[in-house]
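So the sequence lines, in the order shown, correspond to chains A and B.
Using the working numbering, the first residue of the first sequence is number 27, and each one after it goes up by one.
Using the working numbering, the first residue of the second sequence is number 3, and each one after it goes up by one.
Ideal Cβ placement from N, Cα and C applies to all residues, glycine included.
This structure is a prediction, so every number in the text was calculated from the model and none was measured.
Here's the structure, in structure tokens; my notes come after.
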Amino acid sequence: AQSVTQLGSHVSVSEGALVLLRCNYSSSVPPYLFWYVQYPNQGLQLLLKYTTGATLVKGINGFEAEFKKSETSFHLTKPSAHMSDAAEYFCAGSSGNTPLVFGKGTRLSVIA
Amino acid sequence: DTAVSQTPKYLVTQMGNDKSIKCEQNLGHDTMYWYKQDSKKFLKIMFSYNNKELIINETVPNRFSPKSPDKAHLNLHINSLELGDSAVYFCASSQEGYRGEGYTFGSGTRLTVV
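Right, here's the structure in full:
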């Protein structure tokens with residue numbers, strides 16, 4: 027069964043610094059992997075996705091993630107954090123036979 | 003136009019009441035879902051409805067019953083509400099079932115049981 031683990035429930039970075047949010051998955055089959063962002067009191071917005079093909083995936087708002095099968099990882103990065111990036115981030119995955127499973131989320135704080 | 007719309011956005015009700023949350027998607031997707039987000043922000047699948055097949059999560063109490071009158075609608079009815087049902091409920095949809103190109107989520111319904 028597909029499971030997703032996010033390392034770190036809270037990450038704090040300075041404005042302009044690198045953002046790195048970690049996600050590892052476990053699956054017996056090639057996974058479909060996603061990152062979602064949730065701003066306060068709002069729904070979930072898709073940032074980026076990996077299904078097949080290129081392992082470096084670019085998303086909205088300058089975010090990108092790299093699928094590394096050898097490390098079973100799909101970490102989210104952004105070169106330079108903005109104050110507007112402060113939100114809850116969720117990694118999610120599916121093996122294709124079950125609904126999307128979410129990690130427990132990482133709250134990103136950006137310090138001025 | 004809102005792709006996945008849920009009503010109501012907020013719902014405050016007393017224990018023991020019965021309530022419904024409605025969800026509609028105008029994306030032409032073939033699969034719809036209900037997720038529950040608890041106070042710790044954890045998102046958990048409750049139900050999925052794919053091509054008229056309802057998949058029930060075994061951990062969901064039978065007080066919760068999804069109803070899908072057609073492919074564009076998936077409503078959630080909850081009987082005998084309990085304090086522990088307080089949460090944010092998200093509806094979502096996807097194309098091509100579980101292998102969908104990312105799920106589209108509604109804005110959520112914040113249910114508070116008092």
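Item to check | 8 Å contact criterion, which B:N81 and B:D20 should meet: CB distance rounded | outcome: 5 Å
Item to check | Residue nearest to A:G131 in terms of C-alpha spacing, selected from A:S110, A:F60, A:E92 | outcome: A:F60
Checklist entry - Is it the case that the Cβ atoms of B:A5 and B:K38 are separated by a distance below 8 Å? => result no
Item to check | Members of the stretch 44 to 77 of chain B that neighbour chain A once the beta carbon cut-off is set at 8 Å | outcome: F44, L45, K46, I47, S50, I57
Next on the checklist: On the criterion of 16 or more Cβ atoms from any shown chain inside 10 Å, does B:D40 qualify as buried, or is it exposed?
Outcome noted: exposed
Item to check | C-alpha distance - B:S109 paired with B:T9, whole-angstrom precision | outcome: When rounded, the distance between both Cα atoms is 9 Å.
Checklist entry - Does A:F128 have its Cβ less than 8 Å from a Cβ in chain B? => result A Cβ of chain B is located within less than 8 Å of the beta carbon of A:F128.
Checklist entry - For B:K54, which residues does DSSP report across the bridge? => result In the DSSP output, where bridge partners are listed per residue, B:K54 has none listed.
Checklist entry - Cβ of B:M34 within 8 Å of Cβ of B:S95? => result Going by beta carbons, B:M34 and B:S95 fall inside the 8 Å limit.
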